[in-house]
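Chains as they are written, first to last, in UniProt numbering: chain H, 1 to 138; chain X, 1 to 138.
Glycine is no exception: its CB is placed at the ideal position from the N, C-alpha and C atoms.
As structure tokens, the structure follows; a few thoughts come after it.
There are 2 protein chains.
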Amino acid sequence: MIGPLNHVGVAVPDIREAIAFYRDILGATDITEPEPLPPQGVSFAFVNLPSGQIELIEPYGESSPILKFLERNPRGGQHHVCFEVADIHVAKALMEDRGMRVLNEPRIGAHGTLVIFLHPGDSGGVLIELMETAKAGH
Amino acid sequence: MIGPLNHVGVAVPDIREAIAFYRDILGATDITEPEPLPPQGVSFAFVNLPSGQIELIEPYGESSPILKFLERNPRGGQHHVCFEVADIHVAKALMEDRGMRVLNEPRIGAHGTLVIFLHPGDSGGVLIELMETAKAGH
Chain H
1 MIGPLNHVGV AVPDIREAIA FYRDILGATD ITEPEPLPPQ GVSFAFVNLP SGQIELIEPY
61 GESSPILKFL ERNPRGGQHH VCFEVADIHV AKALMEDRGM RVLNEPRIGA HGTLVIFLHP
121 GDSGGVLIEL METAKAGH
Chain X
1 MIGPLNHVGV AVPDIREAIA FYRDILGATD ITEPEPLPPQ GVSFAFVNLP SGQIELIEPY
61 GESSPILKFL ERNPRGGQHH VCFEVADIHV AKALMEDRGM RVLNEPRIGA HGTLVIFLHP
121 GDSGGVLIEL METAKAGH
């Protein structure tokens, strides 16, 4: 069912500082400009690696779901893991059939495709995002 | 400097239960048998995806470095992120030059190549592992 590991979401208190760390210390050369994603309450930037990505996320708005995470982890930290699936609606139905709590109706994520999140209490403490694979040409 | 995102390390209290979750709920079809890695104080298994991996790690021995993590996160959770580098000794010198605290001398990791860990206090709360890319044929 799950396909590629698409990205690791890393919550950060300051996305510009985080970008500088991945660029100047770790030497990543392909990092996108920060963009707001209001439906998810974050601004994000992707650190693109030869394979895989880190998604840096900074709180956006006063009800950002990552504000609590940053209260508990003021320096930031790993927030979620995102796996690709072929069809988000099929994946959602399958997860529910298997007793997983799905936290939201499918909505557009940072890659422009539909995403859902699974309750970390059902998945070993890991917040799992499932995203529909982008169609070729997009 | 950093190359591909090799894997995400997920600490788990019970590696057999975690394997069952990734296999039976998420539908992963390629999961390795758990193996002890005494120098790192863990038993590990890889969930191999079409690209990327999850490294499940369970404490091994009484001084396992992940025991404290599991005390704070009894259900488990994301523990580290591993990036590949071409040469671990070059990477270590570069990280030190750039003011990062390197937590260990290069030692053999779960993929059979040399690895180091960087202090999460220097990297936005994320425990970063750097591993030398496996040579072709290995």
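Query: Could you tell me which residues DSSP pairs with Ala45(H) in its beta bridges?; Result: Leu56(H)
Query: When the Cβ atoms of the region 44 to 57 of chain H are set against those of the region 3 to 19 of chain H, are three or more pairs found closer than 8 Å?; Result: yes
Query: In angstroms with no decimal places, state the Cα-to-Cα distance between Pro120(X) and His79(X).; Result: 11 Å
Query: List, in chain order, every chain H residue whose beta-carbon is nearer than 7 Å to that of Met131(X).; Result: Simply none; closest approach about 13 Å.
Query: Report yes or no: is there a C-beta of chain X within less than 8 Å of the C-beta of His138(H)?; Result: Since pLDDT at His138(H) reaches only 48, below the 50 mark, its modelled position is unreliable, and the value read off the structure follows with that caveat. His138(H) does not count as touching chain X.
Query: Can you name the residues of chain H whose CB is closer than 7 Å to the CB of residue 143(X)?; Result: Here chain X covers residues 1 to 138 and nothing more, so residue 143(X) does not appear.
Query: For Ala134(X), would you say it is in contact with chain H, using Cβ-to-Cβ distances shorter than 8 Å as the test?; Result: no
Query: Quick check: Ile25(H) and Arg98(X), are their CB atoms within less than 8 Å of each other?; Result: yes
Query: What residues are listed by DSSP as bridge partners for Met131(X)?; Result: Glu84(X), Val115(X)
Query: Going along the chain, which residues of the region 25 to 54 of chain X sit with their C-beta nearer than 8 Å to a C-beta in chain H?; Result: Ile25, Leu26, Gly27, Ala28, Leu49, Pro50, Ser51, Gly52, Gln53, Ile54
Query: Could you give the DSSP three-state label for Asp14(H): helix, strand or coil?; Result: coil
Query: Leu67(X) CB to nearest chain H CB: under 8 Å?; Result: no
Query: Please report the residue range of the alpha helix (DSSP H) in which Met71(X) lies.; Result: Residue identity check: residue 71(X) is Glu in the sequence provided, not Met. First-last of the alpha helix (DSSP H) with Glu71(X): 67 to 72.
Query: Closer than 7 Å by C-beta to Ala92(X): which residues in its own chain qualify, once you throw out the five before and the five after it? Chain order, please.; Result: Going by the sequence as given, residue 92(X) is Lys instead of Ala. Counting only Cβ-Cβ distances below 7 Å, and skipping sequence neighbours, we find Val102, Pro106, Ile116.
Query: Check this for me: beta carbons of Pro34(X) and Ser43(X), under 8 Å apart or not?; Result: yes
Query: With distances taken between CB atoms, is the gap from Tyr60(H) to Leu94(H) smaller than 8 Å?; Result: no
Query: Where does His111(X) land, buried or exposed, given buried means 16+ other C-beta within 10 angstroms?; Result: buried
Query: With DSSP collapsed to three states, give me the class of Arg23(H).; Result: helix
Query: Return the bridge partner residues of Arg101(H) from the DSSP annotation.; Result: Arg101(H) pairs with nothing; no bridge assigned.
Query: Quick check on the DSSP output: the beta strand (DSSP E) that includes Glu35(H) runs from which residue to which?; Result: 35 to 37
Query: Strictly under 8 Å for the Cβ-Cβ distance: is Ala18(X) near chain H by that measure?; Result: yes
Query: Using the DSSP secondary-structure output, state which residues sit across from Arg107(H) in a beta bridge.; Result: Val115(H)
Query: Reducing DSSP to helix, strand and coil, say where Gly121(X) ends up.; Result: helix
Query: Taking the DSSP output, what are the residues bridged to Ile2(X)?; Result: Its beta-bridge partners do not exist; DSSP assigns none.
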